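Chains as they are written, first to last, in my numbering: chain A, 2 to 269; chain B, 2 to 269. For reference, the structure discussed in these notes is given below.
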DNA sequence: GTAATAATCCCGATTATCGGGATTTCATCA
DNA sequence: TGATGAAATCCCGATAATCGGGATTATTAC
């Protein structure tokens, strides 16, 4: 059946085995978990070690390595979503007593990649770096609602149980109605779906009409916020997300060698 | 000649192409840079994209992806060096007006993975995540001096130009003398080698007699520090590094299911 | 709607990969 | 210092995945 890039995928699968629940593995454990032969396993481990993606510590086993810190640092400094988005995070945090997040979306997860906090006692179940599941919360819906029809339908089917549980909707048709409203308004809102007592207001960042790549989200304490204020936040979030989207889309229209943050670092 | 894991290494080599100088690549550039065929290249890119290690943004090209943030987050929370070392960073920063760093070593680089700052106006050329070259500075010498003889000799040969340039020593014998002194004292010190006007004092973290895996470093403003204070810092740094080393080595001797920070997260 | 670019598919020859077992290196303890 | 056990690497032939050219299909731009 001649798999595509089977060996490379096996290599990566080792990297993705590490988790909060099990951050350190010895070779025996890895062998049983992966069912690779001893020889192959060590080959993979050696390759990963050579580039610092994993390290082995005597007595502890194999663990994720410092190269990830280096690559994350690079990512932070080159991702246009983060580079252009951070100023908006600051503005939002200045304007309201809140937490403002920039989240990226990949696989079936949402990840906070940058944040700015002005709320006196911020509460967040998901700090920068810890993925949160798609399927609940304002961010999820802001993104799902803006997917192309086919993909959206597939996602709705997959997350229907979550939608029922949070009482967002009971049928796929109802979900589609909710999503249509989100698209019309430009933002989504969720009350305590991720963290009890916290309201989330999110808008998608789009690189093309139906192509979300990230979301901007502001969270407020439910008790301390009024309806009028939430409306003001929603307007600001939408506007900021739109502007970020615009910037991302216009980048090329201007000039590839312009002074844009992404490209100013390019080789002379 | 049947290379080992050629395809997996090619895949990784793409990941490592991204740099501060060139954070975004389009497929044409990648093809010329790697000289892989179009088909193979796209295969690699697809695999990397599927797991979020890279992302492609229209108009921008391929860039490092958010999964790196997730993995770095995990790494931060599981690396015993960081987990056990951070409290010592705090103590050092409380005791002196300084910056205290925990650095890890891999490939031919040193990387700051955690830091604590108490100096009023800290200066650092190398923040968390940006690798600094081996070959100059207190951290480098603290690590190199504690390598096994063979490996040490190889490193000295490689970095001899740096040692001459910083006037550390002119011959390999002189370097060995310096290193012997570092081993005897337990720490190394450098004046303005990395950042002008900043003194660095570093001690290695060892998981076995001649097996450094990291280093603890404190930096002070040269002008604002007296010889006596530097001596006090050196003593503290040595003691802290020793204690961290001890903890790392004893971990297994105690109990694998103890309440150690690394393992308390393990599955029940 | 059309052109241009980007990404994927198809498939046979080639070539890297796999794994069993032996060997070496490393760490620990006597 | 030498012995013991565990961890990691080496060797090598059969096997099965990988490669790449060219066609095809998606996507974006105008």
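By construction, the Cβ of each residue, glycine as well, lies at the ideal position given by its N, Cα and C atoms. What you are looking at is a predicted structure, and each value in this text was computed from that prediction instead of being measured.
Residue i at chain B interface by Cβ criterion, 8 Å
i, result
"residue 24 (chain A)", "yes"
"residue 76 (chain A)", "yes"
"residue 79 (chain A)", "yes"
"residue 195 (chain A)", "no"
"residue 201 (chain A)", "no"
"residue 21 (chain A)", "yes"
"residue 71 (chain A)", "yes"
"residue 53 (chain A)", "yes"
"residue 130 (chain A)", "yes"
"residue 33 (chain A)", "no"
"residue 112 (chain A)", "yes"
"residue 40 (chain A)", "no"
"residue 59 (chain A)", "yes"
"residue 173 (chain A)", "no"
"residue 48 (chain A)", "yes"
Contact with chain A by residue i, beta-carbon distance below 8 Å
i, result
"residue 145 (chain B)", "no"
"residue 44 (chain B)", "yes"
"residue 85 (chain B)", "no"
"residue 64 (chain B)", "yes"
"residue 209 (chain B)", "yes"
"residue 163 (chain B)", "no"
"residue 184 (chain B)", "no"
"residue 176 (chain B)", "no"
"residue 68 (chain B)", "yes"
"residue 56 (chain B)", "yes"
"residue 118 (chain B)", "no"
"residue 263 (chain B)", "Model confidence at residue 263 (chain B) stands at a pLDDT of 34, short of 50, so the residue's coordinates are unreliable and nothing is read from them."
"residue 266 (chain B)", "Annotation note: pLDDT 28 at residue 266 (chain B) (below 50); position unreliable, coordinate value reported separately. Judged by the 8 Å Cβ criterion, residue 266 (chain B) is in contact with chain A."
8 Å Cβ cutoff met for residue i and residue j
i, j, result
"residue 141 (chain A)", "residue 100 (chain A)", "no"
"residue 129 (chain B)", "residue 116 (chain B)", "yes"
"residue 56 (chain B)", "residue 64 (chain B)", "yes"
"residue 110 (chain A)", "residue 132 (chain A)", "yes"
"residue 217 (chain B)", "residue 103 (chain B)", "yes"
"residue 24 (chain B)", "residue 98 (chain A)", "no"
"residue 214 (chain B)", "residue 42 (chain A)", "no"
"residue 193 (chain A)", "residue 223 (chain A)", "yes"
"residue 74 (chain B)", "residue 245 (chain B)", "no"
"residue 183 (chain A)", "residue 143 (chain A)", "yes"
"residue 167 (chain A)", "residue 157 (chain A)", "no"
"residue 69 (chain A)", "residue 46 (chain A)", "no"
"residue 208 (chain B)", "residue 249 (chain B)", "yes"
"residue 136 (chain B)", "residue 107 (chain B)", "no"
"residue 235 (chain A)", "residue 202 (chain A)", "yes"
"residue 190 (chain A)", "residue 241 (chain A)", "no"
"residue 219 (chain B)", "residue 195 (chain B)", "no"
"residue 67 (chain A)", "residue 112 (chain B)", "yes"
"residue 231 (chain A)", "residue 199 (chain A)", "no"
"residue 9 (chain B)", "residue 40 (chain A)", "no"
"residue 13 (chain A)", "residue 31 (chain A)", "no"
"residue 148 (chain A)", "residue 211 (chain A)", "yes"
Terminal residues of the beta strand (DSSP E) in which residue i lies
i, result
"residue 105 (chain A)", "100-107"
"residue 62 (chain B)", "62-65"
"residue 216 (chain B)", "213-222"
Bridge partners - residue i, DSSP secondary structure assignment
i, result
"residue 149 (chain A)", "Paired residue(s): none; residue 149 (chain A) is not in a bridge."
"residue 116 (chain B)", "B:102"
"residue 58 (chain A)", "A:62"
"residue 110 (chain A)", "A:107 and A:134"
Where the alpha helix (DSSP H) through residue i begins and ends
i, result
"residue 196 (chain B)", "Taken as a continuous stretch (DSSP letters only), residue 196 (chain B) belongs to no alpha helix (DSSP H), as it is neither H nor E."
"residue 82 (chain A)", "81-96"
"residue 176 (chain A)", "173-186"
"residue 7 (chain B)", "7-16"
"residue 28 (chain A)", "28-35"
"residue 44 (chain B)", "39-51"
beta-carbon residue i near the ligand ADP non-hydrogen atom, thresh 7 Å
i, result
"residue 136 (chain B)", "With respect to the ligand ADP, the structure offers nothing, as it holds no ligand at all."
For the stretch 4-19 of chain A, enumerate the residues whose C-beta is nearer than 7 Å to any C-beta of chain B, in chain order. Listed in chain order, the positions of the stretch 4-19 of chain A with a beta carbon within less than 7 Å of a beta carbon of chain B are 5, 6, 8, 9, 10, 12, 13, 17 and 19.
Taking beta-carbon pairs under 7 Å, can you tell me which members of the stretch 215-243 of chain A lie near chain B? Correct list: empty, as no residue qualifies.
What residues in the stretch 87-107 of chain B bring their beta carbon closer than 7 Å to a beta carbon of chain A? With the criterion set as a beta carbon lying under 7 Å from some beta carbon of chain A, the members of the stretch 87-107 of chain B are 105 and 107, in sequence order.
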